[in-house]
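Start counting the sequence shown at 20; every next residue gets the next number (the working numbering).
From the three backbone atoms N, C-alpha and C, an ideal C-beta is built for every residue, glycine too.
Since this is a predicted model, take the numbers as computed values, not measurements.
Here is the structure we will look at, set down as structure tokens.
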Amino acid sequence: MKLDFTNVEGQQTFAPIPGGKYLVEVTDYRESTASDAAKNPGAPTVSWELTVESLVGGDTHVIDREGKEIKVEGRKVWENMTIVENSFWRLKAFLEACGFDVSGEIDFDPEEVLNSQLVVKVGIQKGRKNRETGEEYDPRNTVKSFHTLDDES
């Protein structure tokens with residue numbers, strides 16, 4: 020087997036995108052149940068994949084803290100939701116930002132949320148340790164809030 024690594028970059032480390040407001044599209048999801056170690060074991064969960072299109076305002080590149088230009092277009096941010104009554108407020112805010120009528124009872128189907136566009140305010144969660152295994156996690160992006168496309172606040 021002959022391989023040519025001439026134009027192949029070395030291993031890259033993950034770096035979260037800088038905090039800010041981004042236009043995103045819901046591009047995938049995964050349904051599962053919360054683990055036995057979770058706050059609500061066995062509860063249904065949905066992990067949403069949000070693909071960044073640009074910053075609010077249209078820029079597809081940002082400057083990080085070290086002054087390096089980063090392409091954000093196409094980057095992924097994940098939002099994990101446990102579907103329990105005390106967190107319905109977050110699911111409601113997400114669905115409302117996606118354009119769904121959440122004024123009363125709805126028949127929720129995650130498939131219908133795919134391809135929705137919304138604005139999310141992204142932050143960076145510092146790295147931390149897994150309490151059970153002691154494994155250290157790198158910093159990651161977290162979604163602070165959800166907004167409709169016309170809500171720039």
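Would DSSP call residue i helix, strand or coil?
i, result
"P63", "strand"
"K148", "strand"
"N160", "strand"
"K90", "strand"
"R49", "strand"
"S172", "Low local confidence applies: a pLDDT of 49 at S172 is under 50, so the model's placement there is unreliable, with the coordinate-based value given in what follows. Of the three classes helix, strand and coil, the one that applies to S172 here is coil, per DSSP."
"V132", "helix"
"E124", "coil"
"E104", "helix"
"T21", "Note that residue 21 is Lys in the sequence shown here, rather than Thr. K21: coil per DSSP, three-state reduction."
Run the CB neighbour count on residue i, radius 10 Å, all protein chains shown included, and call it buried at 16 or more, exposed below.
i, result
"F33", "exposed"
"E88", "exposed"
"A57", "exposed"
"R94", "buried"
"Y156", "exposed"
"I125", "exposed"
"L137", "buried"
"F165", "buried"
Does any CB atom of chain C fall closer than 8 Å to the CB of residue i?
i, result
"R159", "Protein chains in the displayed structure number just one, and chain C is not present."
Rounded to whole angstroms, how far is the Cβ of residue i from the Cβ of residue j, which I believe are closer than 8 Å?
i, j, result
"L114", "V91", "Wrong, their Cβ atoms sit about 24 Å apart, outside the cutoff."
Which residue marks the beginning of the beta strand (DSSP E) containing residue i, and which one marks its end?
i, result
"K58", "No beta strand (DSSP E) holds K58; DSSP gives it neither H nor E."
"E178", "As shown, the chain starts at 20 and ends at 172. That puts residue 178 outside it, with no answer to give."
Return the first residue and the last residue of the alpha helix (DSSP H) that residue i is part of.
i, result
"E115", "F107 to A116"
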